[in-house]
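Under this note's numbering, the first residue of the sequence shown carries the number 56, and numbering increases by one thereafter. Notes to accompany the following structure.
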Amino acid sequence: MEGVFLTETWLADEVDNGEFMDPAFVVYRSDRRFALVGRSIAGGVLSAFTEKLSVAAVDASTLADLVPVIARCKMPFLSVYIVNLYIPPNIGLNDYETFIDALGIFLLDKQYILVGDFNASGFNMPYLDDRRTNSILLLMETLNLRQLNDTTNLNGRLLDLVLTNLNVEFTVAHYLAPFVGDDPHHSALDILINLHLPSDPPNLPSNTNLRYNFRRWMFHVVCAVQIFYNRLYTVLDHCVPKIKSTNPPWFTANVKRLRNMKEYYFKKWKNTRLDHYLNEFRRLRQLLKVEADNAHHHCRGQVEANIKVNPKASGHLLMVGGQLQGSLLFHNDEQLTHQSIETTIAQRLVQAIFIGAIQLNRYAAIEFVGSINVDYRC
Numbered sequence: 056m057e058g059v060f061l062t063e064t065w066l067a068d069e070v071d072n073g074e075f076m077d078p079a080f081v082v083y084r085s086d087r088r089f090a091l092v093g094r095s096i097a098g099g100v101l102s103a104f105t106e107k108l109s110v111a112a113v114d115a116s117t118l119a120d121l122v123p124v125i126a127r128c129k130m131p132f133l134s135v136y137i138v139n140l141y142i143p144p145n146i147g148l149n150d151y152e153t154f155i156d157a158l159g160i161f162l163l164d165k166q167y168i169l170v171g172d173f174n175a176s177g178f179n180m181p182y183l184d185d186r187r188t189n190s191i192l193l194l195m196e197t198l199n200l201r202q203l204n205d206t207t208n209l210n211g212r213l214l215d216l217v218l219t220n221l222n223v224e225f226t227v228a229h230y231l232a233p234f235v236g237d238d239p240h241h242s243a244l245d246i247l248i249n250l251h252l253p254s255d256p257p258n259l260p261s262n263t264n265l266r267y268n269f270r271r272w273m274f275h276v277v278c279a280v281q282i283f284y285n286r287l288y289t290v291l292d293h294c295v296p297k298i299k300s301t302n303p304p305w306f307t308a309n310v311k312r313l314r315n316m317k318e319y320y321f322k323k324w325k326n327t328r329l330d331h332y333l334n335e336f337r338r339l340r341q342l343l344k345v346e347a348d349n350a351h352h353h354c355r356g357q358v359e360a361n362i363k364v365n366p367k368a369s370g371h372l373l374m375v376g377g378q379l380q381g382s383l384l385f386h387n388d389e390q391l392t393h394q395s396i397e398t399t400i401a402q403r404l405v406q407a408i409f410i411g412a413i414q415l416n417r418y419a420a421i422e423f424v425g426s427i428n429v430d431y432r433c
């Protein structure tokens, strides 16, 4: 067992973790704030992980008054957010929908597993028109989630959900040996993630019959390095999935976040036709335009400053995609013309191709043309 997730812990601040949990576990808690809700019992969530896992707590205080436990867990070849939550059955419908909306925004651009008691009694009963269920279904559709639990409670209802956007194999079943007695209204679940990792380490080649004379190899250092990188990249090209970014190089993290939030609210409006989603979409669209313009201007200023300091390093242009508007300032306040920029880039490319000619076998798609066209738009 690598992790334990509990809901309705009924714990208060004066209860220490050591009173109920094995010290081999690292515990993260979100006890119910009894003074805030006017109650003295119920509520609260807890997540506990063995020390084998690399886990860090994530601040979830922005998610309204229902504070889940969110932990970022690093597994082999996978980094995932694990969200454990409890939504009380007597919470108002507006508050319920507000929390689900805030949760959806928080989860944008993350890989995660979302577990807990959602208290949406109509989730597995499609004949019920339930606003709680509809808000969860809308969240699943907007974020492309799948629900993995099919263990119903004593009344045939599905209150405890396991949602994820991970493209890995899961096994979710009724757990028959829980820490405490099984609650017939919230059956314990056993969640297994199947990563299909190799059981044995790779059998790496070795050479124990030869001794290498490194004193006499200095003239072959460059050649050896080139051969090494050629083979390394060949292995990577065949074994590692490719990530193709369509974002301009001047897109900042905030620009990407605003763009994703804008798309999120557009999907919400498209599915519900509610005015407040449309208004939020329009607000984010205007904010995104301003933020993108500022990021573009900042990127252009950085490139101009780099070329002014080191005019020969035309790679500054290539680093930002070769897209700039207008002319660039040269040192001594001279103007850098389009023709001089093209000439400089062409010279640099010729030098790079000449020096690294041994790598050309990796780039069979390279085609030499009679001219070089540079677009200076960002």
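Backbone N, C-alpha and C fix where the C-beta goes; we use that ideal spot for every residue, glycine too.
Secondary-structure assignment with DSSP links Val-124 through a beta bridge to Asn-139. Distance from the Cα of Tyr-319 is smallest, within the candidate group Tyr-332, Thr-307 and Val-223, for Tyr-332. Contact annotation: Val-70 and Phe-104 have beta-carbon atoms that are not nearer than 9 Å. If you check the CB distance, Leu-216 and Phe-154 do not come in under 9 Å.
Ala-111 and Cys-278 have their alpha carbons spaced roughly 44 Å apart. Taken atom to atom, the span from the alpha-carbon of Ala-347 to that of Leu-118 is near 27 Å. Leu-198 sits away from Leu-148, with the two beta carbons spaced by 9 Å or more. Around Ala-97, the same chain offers Glu-63, Trp-65 and Arg-87 as residues with beta carbons nearer than 7 Å, after the five sequence neighbours per side are excluded. Its chain contains no residue whose beta carbon lies nearer than 6 Å to that of Arg-328 once the 5 sequence neighbours on both sides are disregarded.
Within the same chain, Cβ atoms closer than 6 Å to the Cβ of Ile-137 are found at Ala-126, Cys-128 and Ile-168, the five residues on either side in sequence being excluded.
Taking C-beta atoms under 8 Å as the contact rule, Ser-102 and Gly-58 qualify, at a distance of about 7 Å. Between the C-alpha atoms of Ala-175 and Glu-224 there is a straight-line separation of about 25 Å. In this structure Asn-139 does not touch Val-122 by the C-beta definition: roughly 11 Å separates them, more than the 8 Å allowed.
Nearest in C-alpha terms to Gly-171, of all of Gln-281, Val-100 and Leu-313, is Val-100.
Within its own chain, the residues whose Cβ lies closer than 7 Å to the Cβ of Glu-106, once the five positions on either side in sequence are excluded, are Ala-79 and Val-81, listed in chain order.
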